[in-house]
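>
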Amino acid sequence: MTRRFDLERAALDRLMPMHLALDAGGGVLSAGSTLARLIPELGDEGARVGDLFALRHGAAVGAVGDLLAGEGRVHLQSRARPDMAFRGLAVPMGAGALINLSFGIGVVEAVGRFALTEADFAPTDLTVELLYLYEAKTAVLEELRAMNARLQGDKVVAEEQALTDALTGLRNRRGLDLAIEALGTSDFALVHLDLDRFKQVNDGLGHAAGDHVLVQVARILAEECRAGDTAARIGGDEFVLLLPGMRQADPALRRIARIIERLSEPIPYGTDTCRIGGSAGLVLARQAPEAAISVLFAHADAALYAAKRAGRGRALLWEPWMESG
Amino acid sequence: MNGLINRAIQCFLRDGWGAATWLDAARAAGVPARGFEPMLTYPPEVTERLLQVAADRLTRDRDCLLEDLGTYLVSHPSRAAVRRLLRFGGTDFPDFLQSLEDLPARARLALPDLVLPPLRVMALGEQRFVLQIGAGFPGAGAVARGLLRAMADDYGALALLEAGPEGAGGAAEVMIRLLDPAHAEGRSFTLGARE
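Encoded structure:
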């Protein structure tokens with residue numbers, strides 16, 4: 406048995422401020438106050454749904470039956486303002502229909518565009534809560550974005566201040582400088598070491614292979630270091646060893662020769678084999694007493710250059726004649 | 647303590663008394679000078695220490711300072727988002743008062759980490775209300791007084807606020823007497839547009 410209810414138009418409007426009540430011919434019997442504010446023509450004498458609304462993709466509303474098809478789920482858009490779109494549910498009412506419309510997901514934009522207020526929505530409608538959440542989400546995102554910007558800034562600073570070379574884990578230039586500052590002795594050896602044929606690995610097998618080689622070189626250097634020694638990577642394939650306590654050339658040269666020997670062993674990389682070597686220049690601090698560290702670096706450099714000219718794959722001790730070359 | 651609350655105190659000190667005052671208080675309280683990150687969590691002692699140091703440095707009563715913090719949260723332009731989110735609570739001040747009970751749930755909806763003390767609003771008679779604040783935040787009563795005073799202004803309502811009895815752990819009551827719900831124009835609030 407069908408039960409019938411008698412509902413005042415005003416009560417209907419409070420329950421559904423975006424309703425549309427239609428007669429059998431599609432004439433507008435009643436339009437909710439919010440909907441009427443958005444589409445004032447709904448209040449005109451003899452307003453008809455088909456004149457004011459189109460179905461999705463602009464299809465015309467022929468008869469009321471078109472709205473009730475598909476279990477009454479409708480998408481309506483304003484004919485005058487096609488960007489104003491609604492989602493709704495239509496149910497039969499007498500020979501006509503009653504449709505309750507909503508903005509759907511476009512509500513956030515619609516509220517701003519049409520200056521809607523809380524009074525435009527029924528208290529049971531969660532639109533205001535949705536808007537609250539949208540705004541809370543936006544505020545939280547802004548905070549997060551600002552926080553990310555701060556953290557990104559921190560990361561850049563931290564990298565600048567880092568003492569370690571990110572690829573190899575050896576000290577970087579800055580870390581080396583600090584190790585020199587912290588030297589407790591005036592007896593030390595400074596070694597400048599360059600890889601031989603590193604460019605061929607990089608060019609032939611790619612940068613990943615080059616990086617792999619650098620990591621292996623770093624491992625060898627770290628293994629050959631004694632407590633108190635410092636190994637640093639100061640450029641692409643340039644390394645520096647700082648060996649405190651070295652007073653004699655021969656034992657220092659023997660240590661470097663052993664490193665170069667190990668560097669010359671083939672380094673497997675996947676199915677390929679990388680073959681590199683090393684050249685080194687060595688200077689003992691006692692060879693140039695009172696000299697600034699920059700002078701010692703220049704000496705080690707000169708010795709490295711001499712080692713390369715002498716055919717690579719060797720370590721040479723700095724001698725004054727090398728400087729002029 | 648959620649970093650958002652600590653950061654609000656940080657901005658309150660900075661906007662109210664200048665960057666030097668904030669830095670000075672941060673140093674004295676052993677807080678990183680660059681401040682708090684809003685989405686991280688900090689131990690509650692940090693907040694307590696910062697508030698104590700700030701009150702000492704500014705020679706203000708701690709409750710006074712917290713009341714001003716509450717007002718600042720609603721009325722300062724740099725906190726516009728807080729004011730707007732609170733205004734979602736109701737169309738007028740009495741409506742807003744009733745919505746305060748939902749505030750902790752609303753806050754959690756936005757930020758699951760943000761735990762506020764339980765709130766209860768009771769009508770005591772004609773235009774008289776009491777806000778009961780549960781334990782958890784020592785000083786919450788003072789913050790609520792400042793915040794409600796500013797919200798009354800925002801709605802254009804004339805209200806009298808008084809501190810009620812305080813319980814353990816920051817539990818507090820605020821007595822509210824609504825003299826005129828539509829005393830002044832109030833600040834505009836639209837649902838959509840961000841002012």
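These protein sequence lines are chains V and S, in that order.
Taking our numbering, I'd label the letters of the first sequence as residues 406 to 730.
Taking our numbering, I'd label the letters of the second sequence as residues 647 to 841.
For glycine and all other residues, C-beta sits at the position ideal for the given N, C-alpha and C.
Evaluate N505(V) with the Cβ neighbour count: other Cβ atoms within 10 Å of its Cβ, from every protein chain shown; 16 or more gives buried, anything less gives exposed.
As a position in the first sequence, residue 505(V) is number 100, starting the count at 1. Label assigned to N505(V): buried.
> Where DSSP assigns a beta bridge to Q482(V), which residues make up the other side?
Here residue 482(V) corresponds to residue number 77 of the first sequence, with the count starting at 1. DSSP lists A459(V) and A490(V) as partners of Q482(V).
> Taking all protein chains shown into account, do 16 or more other C-beta atoms lie within 10 angstroms of the C-beta of E841(S), making it buried, or fewer, making it exposed?
Position 195 of the second sequence, counting from 1, holds the residue named residue 841(S). Low confidence applies to E841(S): its pLDDT is 46, below 50, so where it sits in the model is not reliable, and the reading given next is rough at best. Per the 10 Å Cβ criterion, exposed.
> Chain S partners of E365(V), CB-CB under 9 Å?
In this structure chain V extends from 406 to 730, so residue 365(V) is not present and cannot be described.
> If you draw a straight line from the C-alpha of I661(V) to the C-alpha of A594(V), how long is it?
Taking the first residue of the first sequence as position 1, residue 661(V) is located at position 256. Taking the first residue of the first sequence as position 1, residue 594(V) is located at position 189. Approximately 11 Å, taken between the alpha carbons.
> Report yes or no: do three or more beta-carbon pairs, one from the segment 554-572 of chain V and one from the segment 773-781 of chain S, lie closer than 8 Å?
no
> So, helix, strand or coil for Y718(S), using DSSP?
Within the second sequence, the letter at position 72 stands for residue 718(S). Here Y718(S) sits in helix by DSSP.
> I want to verify the contact list: residues of chain S whose CB lies under 7 Å from the CB of L531(V), in sequence order.
As a first step, residue 531(V) must be located in the first sequence, where it is residue number 126. Near L531(V) there are no residues of chain S at all, since even the closest Cβ is about 12 Å away, more than 7 Å.
> Determine, for A727(S), whether the minimum Cβ-Cβ distance to residues of chain V falls below 8 Å.
The count along the second sequence starts at 1 and reaches residue 727(S) at position 81. Yes, because at least one Cβ of chain V sits closer than 8 Å to the Cβ of A727(S).
> Let's test the definition: count the other Cβ atoms within 10 Å of the Cβ of T439(V) and tell me whether it reaches 16, buried, or not, exposed.
Working through the first sequence from its first residue, we reach residue 439(V) at position 34. It is buried - the Cβ of T439(V) has at least 16 other Cβ atoms within 10 Å.
> Taking a cut of 7 Å between CB atoms, which residues from the segment 701-716 of chain S lie near chain V?
none
> Flag R833(S) as yes if its beta-carbon sits less than 8 Å from any beta-carbon of chain V, otherwise no.
By 1-based counting over the second sequence, the position of residue 833(S) is 187. Not one chain V Cβ lies under 8 Å of R833(S).
> Is there contact between the segment 712-725 of chain S and the segment 687-694 of chain S, where contact requires at least three CB pairs shorter than 8 Å?
With a cut-off of 8 Å on Cβ pairs, the segment 712-725 of chain S is not in contact with the segment 687-694 of chain S, counting fewer than three such pairs.
> Which class does Y537(V) belong to by DSSP, given the choice of helix, strand or coil?
For the purposes of this step, residue 537(V) is taken as residue 132 along the first sequence, with counting starting at 1. The answer is helix: DSSP assigns Y537(V) an H, G or I state.
> By a C-beta neighbour count over all protein chains shown, 10 Å radius and 16 as the cutoff for buried, is M768(S) buried or exposed?
Start at 1 with the first residue of the second sequence, and residue 768(S) comes out as number 122. Exposed, by the Cβ-count rule.
> Give a yes or no on whether the C-beta atoms belonging to L735(V) and L568(V) are separated by under 8 Å.
Residue 735(V) lies beyond the residue range present for chain V, which begins at 406 and ends at 730; the question has no answer from this structure.
> For the beta strand (DSSP E) containing D674(V), name the first residue and the last one.
As a position in the first sequence, residue 674(V) is number 269, starting the count at 1. According to the sequence provided, residue 674(V) is Tyr. The question's Asp does not apply to it. I672 to Y674 is the span of the beta strand (DSSP E), which, as asked, contains Y674(V).
> Within the 8 Å Cβ cut-off, does Y537(V) reach chain S?
Residue numbering aside, residue 537(V) sits at position 132 when the first sequence is read from its first letter. By this cut-off, Y537(V) is an interface position.
> In its own chain, which residues sit with a C-beta less than 6 Å from the C-beta of A426(V), not counting the 5 before and 5 after it?
To locate residue 426(V), count along the first sequence from 1; it is residue 21. So the list reads L434, S435 and L503, once near-sequence residues are dropped.
> Go through the segment 737-822 of chain S residue by residue and report every complete run of the beta strand (DSSP E) that reaches 3 residues or more, in order.
765-771, 774-779 and 804-812
> Pull up the distance between the alpha-carbon of G574(V) and that of G718(V), whole angstroms please.
The sequence position of residue 574(V) within the first sequence is 169, counting from 1. The sequence position of residue 718(V) within the first sequence is 313, counting from 1. Going by C-alpha positions, G574(V) is about 24 Å away from G718(V).
> Looking only at C-alpha atoms, which of L658(V), I665(V), G641(V) and D634(V) sits nearest to G650(V)?
Counting from 1 along the first sequence, the entry for residue 650(V) is found at position 245. Nearest option by C-alpha distance: D634(V).
> Compare the beta carbon distance of A495(V) and G477(V) with 8 Å and say whether it is the shorter of the two.
If you number the first sequence from 1, residue 495(V) lands on position 90. If you number the first sequence from 1, residue 477(V) lands on position 72. In contact: A495(V) and G477(V) (Cβ atoms closer than 8 Å).
> Just checking: is the beta-carbon of M651(V) within a distance shorter than 8 Å of some beta-carbon in chain S?
If you number the first sequence from 1, residue 651(V) lands on position 246. Judged by the 8 Å Cβ criterion, M651(V) is not in contact with chain S.
> Under 8 Å Cβ-Cβ, which residues of chain B neighbour R730(S)?
You won't find chain B in this structure, because its protein chains are V and S.
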